[in-house]
Amino acid sequence: MVLQGERVRLRSTREHDLPFLQKLWNDEAVMRYVGYPQGLGIDEQGIQKWFEGLQSRRGVNCEHWIIENAEGEPVGEAYYKAESEYCGYQAEKMAQIDIKLARCFWGQGYARIAPH
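Those letters in the sequence shown? Residues 7 to 122, per the numbering used here, in order.
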């Protein structure tokens, strides 16, 4: 799946994106905003296992994208998950959206335009 905008493109995450995601998820500055102030500390084996799990969940109320700039360079990730339950409550129409950007792209407006 590809979503194209004027400044960004969201495309389905592929295996060759794993080194980028590993670096992103291990960046303390990026991850502190999502509850991991030390970064995830994920290694190559861990990121590969995550990707294999993603393949089985993809399309079943779940999608993970790489955010690319106009030059095709990865700048971050976006994740969508529809929820059927949240904190023990039925949540028929609830969804999570998660956006993380590599630190070198902060302040350039990418997170603001990625979901549009």
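We put the CB at the ideal spot given by N, CA and C, even for glycine.
Where does GLN51 fall in DSSP's three states?
-> helix
Could you spell out where the beta strand (DSSP E) holding GLU24 opens and where it closes?
-> The displayed chain sequence assigns Leu, not Glu, to residue 24. Per DSSP, LEU24 belongs to no beta strand (DSSP E); it is in the alpha helix (DSSP H), 24-32.
Pair within 8 Å by beta-carbon distance, ILE105 and ALA88 | no
Using 10 angstroms around the beta-carbon of CYS110, count the other beta-carbons present and answer buried if the total reaches 16, otherwise exposed.
-> exposed
Taking the C-alpha atoms as reference points, what is the distance between ARG64 and SER18?
-> 10 Å
Who does ILE101 pair with in a DSSP beta bridge?
-> A small fix is needed here, since residue 101 is Ala in this sequence, not Ile. Partner(s): ALA88.
Nonlocal neighbours in the same chain, by C-beta distance under 6 Å from CYS2, ignoring five residues either side = The question about residue 2 has no answer, for the chain in this structure spans 7 to 122.
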